[in-house]
């Protein structure tokens, strides 16, 4: 991950002459430092052991630069300083907020320093800056306030050359040089302060999520990334629990009107969320649903409050003096009560302070005892376009009422940008789901063009016809078939084709199938979320994929040709999908409807290393070799497979083994290896001469192989083995051919048309990960394509 960050920085350095990188501590280090500081007050040995773990964490993470003796020496000086201060805490048995800030600063100081050295090692002109020299704050330790005037002056002096500056996030210092921190998550704030001071073109926040979501994805499966939000919307959602960026981050950007881009460092290719001055006028009224738990509601009420000036002033003044932040306020026009929401952590102090402030009124009965209610959650509906849109609040409350969710308190400002309500925490997840469903941000339309309507394509269209109404109802997803084409004719209609009549329409069409014409038409239609579905095995179509992507079209296909053409063509498709933020889905190229490719990709995305892949990758050949055990002649089994639709129209396409070779090559390339189809060591099922001549001749010649396959099967059985057609990828080598597999081996367990893929990785070494299921048949393959279409369409929402 550290190397990934370095690549992101390197890419940015090539885009502009000057960039500033704000670095936080490595994951978990701030918590470890906090623990060490507290442990030092009672257990010095345990505190020092935690510091050793931190040192090891940085040494292992930045091993490449720690080999440099000068760097190692400087790191040792920093860690020695840290150990000394923690030892000092153990002597005095006390850790003040000032001392704690100093201890916590070491996570960022180590990480930023080492990152600057890593960049230098990679040939990037990088300079380390300790933020304590440029971020000037007050002495409110733990959440220091920034002196922006003095900070701006220092930043402009320190950052002026054309290079990459690596700055510590989260920390600053008083004008007297005392170390302070800006609050947890404060590195975002540091970045925004620097961006504003330097009037940067943009501020990028690289985090572990794709951007602002319409709701918490842990609560809402249908939640999706918001491509653009306004400064105000971002502040509202950050404040109410959307932990994408530090709540204070936005303010400096607002002052200078600098766009803020939220990006996922784990998936740099994803577009993220852009935060700008204004939202899109065409956006939905409710942009997102945010929730914020750990809330308590305090209620000050009594007849003695009505018409009495100064009650609210005394209430909030008392809270301010005790540094208690009020999250939400609700007051009836009768002035009989004021209720307000605060963090439960502050509730005891708040009630005690207010009881003392209103002691005389409580004793006299003018004000009741302060009522406190815990276990609450704030749910907020946020959106710039809520303003002036009638019925938003009504729809929100109506949806909750129909689902028996009680609202405890409500607040809405005159800006109409936010409607906030408080519910019991036990109802919070349901409330978010209900509101998200009620405002489910309109339906999502995906426009599909299906090329190839033979055995698989026709089944796919049937599945779409059967499920489209259900998808619209359950997922808000409308699938619009804007075109179908076979080898001769095509039908194109931007308003959609009636799936109950597509065969008749295609037969009657006078339009000859032309990829050039398809591209021309789809460009002119300007349809959103347009997906090409290639259900052919045609080489000429797969070689046009790059053109489809350049035209802004997404691709879903079971066609293996594109991913097994020249390595350069494969690399080009991958680059185009990344550069143009488009999608190329091909799950059905290996394993039909089985999640083989997605499983492999997820392993790689999570940082796992692929060691070996073995499998039965042809449902057709699985069926043939399984049925040898029935005693039927080989030629009869092949004919049955053909008649049942388990083979290609010409079964020699399967028996050549080339289909399996393509599949193992795809998996090898997905694992990151550069290989060509000719590199696969392929032994076909039948000799080469069977590939010659027409199909009728083939059927006549095939029985000549019956005796050979009977003998092979009997030999395997006598040895306690099973005869299987196996593909394997190991140590950069792909092999495909007939093998005798021990009867207790996983690959011998394949039955009927099963595919089995066994993936051995660094994590799944002792017990390899297995994907097992049917791997042939029109319905299965069409179902895999359909799943890819739905997944892509929902992702595009």
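Residue numbers (the working numbering): -14 to 782.
Here a beta-carbon is modelled for each residue, glycine too, at the ideal position from N, C-alpha and C.
Residue environment, residue i, which counts as buried when at least 16 other CB atoms sit within 10 Å
{"i": "residue 412", "result": "buried"}
{"i": "residue 427", "result": "Residue confidence is low: residue 427 scores 48 on pLDDT, short of 50, so the model does not pin down where it sits. No coordinate-derived value is stated."}
{"i": "residue 260", "result": "buried"}
{"i": "residue 24", "result": "buried"}
{"i": "residue 551", "result": "exposed"}
{"i": "residue 77", "result": "exposed"}
{"i": "residue 34", "result": "exposed"}
{"i": "residue 0", "result": "exposed"}
{"i": "residue 196", "result": "buried"}
{"i": "residue 516", "result": "buried"}
{"i": "residue 506", "result": "buried"}
{"i": "residue 2", "result": "exposed"}
{"i": "residue 186", "result": "exposed"}
{"i": "residue 659", "result": "exposed"}
{"i": "residue 499", "result": "exposed"}
{"i": "residue 55", "result": "exposed"}
{"i": "residue 668", "result": "exposed"}
{"i": "residue 750", "result": "exposed"}
{"i": "residue 270", "result": "buried"}
{"i": "residue 238", "result": "buried"}
{"i": "residue 489", "result": "exposed"}
{"i": "residue 767", "result": "buried"}
{"i": "residue 344", "result": "exposed"}
{"i": "residue 43", "result": "buried"}
Residue i and residue j closer than 8 angstroms at C-beta
{"i": "residue 36", "j": "residue 92", "result": "no"}
{"i": "residue 136", "j": "residue 120", "result": "yes"}
{"i": "residue 402", "j": "residue 368", "result": "yes"}
{"i": "residue 756", "j": "residue 476", "result": "no"}
{"i": "residue 274", "j": "residue 417", "result": "yes"}
{"i": "residue 75", "j": "residue 21", "result": "no"}
{"i": "residue 645", "j": "residue 710", "result": "yes"}
{"i": "residue 534", "j": "residue 547", "result": "no"}
{"i": "residue 746", "j": "residue 651", "result": "no"}
{"i": "residue 127", "j": "residue 86", "result": "yes"}
{"i": "residue 213", "j": "residue 164", "result": "no"}
{"i": "residue 785", "j": "residue 365", "result": "In the structure as shown, the chain starts at -14 and stops at 782, and residue 785 therefore has no counterpart that could be examined."}
Cα-Cα separation between residue i and residue j, rounded to whole angstroms
{"i": "residue 525", "j": "residue 433", "result": "20 angstroms"}
{"i": "residue 47", "j": "residue 96", "result": "9 angstroms"}
{"i": "residue 496", "j": "residue 634", "result": "26 angstroms"}
{"i": "residue 466", "j": "residue 780", "result": "18 angstroms"}
{"i": "residue 79", "j": "residue 208", "result": "46 angstroms"}
{"i": "residue 326", "j": "residue 295", "result": "20 angstroms"}
{"i": "residue 235", "j": "residue 383", "result": "33 angstroms"}
{"i": "residue 29", "j": "residue 64", "result": "16 angstroms"}
{"i": "residue 104", "j": "residue 385", "result": "53 angstroms"}
{"i": "residue -7", "j": "residue -14", "result": "11 angstroms"}
{"i": "residue 323", "j": "residue 316", "result": "5 angstroms"}
{"i": "residue 731", "j": "residue 471", "result": "40 angstroms"}
{"i": "residue 6", "j": "residue 102", "result": "13 angstroms"}
{"i": "residue 68", "j": "residue 27", "result": "15 angstroms"}
{"i": "residue 663", "j": "residue 596", "result": "22 angstroms"}
Whole-Å CB distance - residue i paired with residue j, under 8 angstroms assumed
{"i": "residue 431", "j": "residue 778", "result": "4 angstroms"}
{"i": "residue 250", "j": "residue 192", "result": "7 angstroms"}
{"i": "residue 99", "j": "residue 50", "result": "6 angstroms"}
{"i": "residue 155", "j": "residue 9", "result": "6 angstroms"}
{"i": "residue 264", "j": "residue 215", "result": "4 angstroms"}
{"i": "residue 407", "j": "residue 393", "result": "5 angstroms"}
{"i": "residue 340", "j": "residue 347", "result": "7 angstroms"}
{"i": "residue 632", "j": "residue 605", "result": "5 angstroms"}
{"i": "residue 567", "j": "residue 539", "result": "6 angstroms"}
{"i": "residue 577", "j": "residue 765", "result": "5 angstroms"}
Quiz item: Unbroken alpha helix (DSSP H) runs of length 4 or more, entirely within the segment 52 to 118: which are they?
Solution: 54 to 77, 82 to 106
Quiz prompt | Contained alpha helix (DSSP H) runs [length at least 4] in the segment 556 to 605, N- to C-terminal order | solution = 581 to 590
Self-check item: In chain order, each beta strand (DSSP E) run of at least 3 residues that lies wholly inside the segment 699 to 772
Solution: 706 to 715, 718 to 727, 739 to 746, 754 to 759
Practice problem: Return the chain-ordered ranges of every alpha helix (DSSP H) run that is complete within the segment 157 to 207 and spans a minimum of 4 residues. | Solution: 171 to 183
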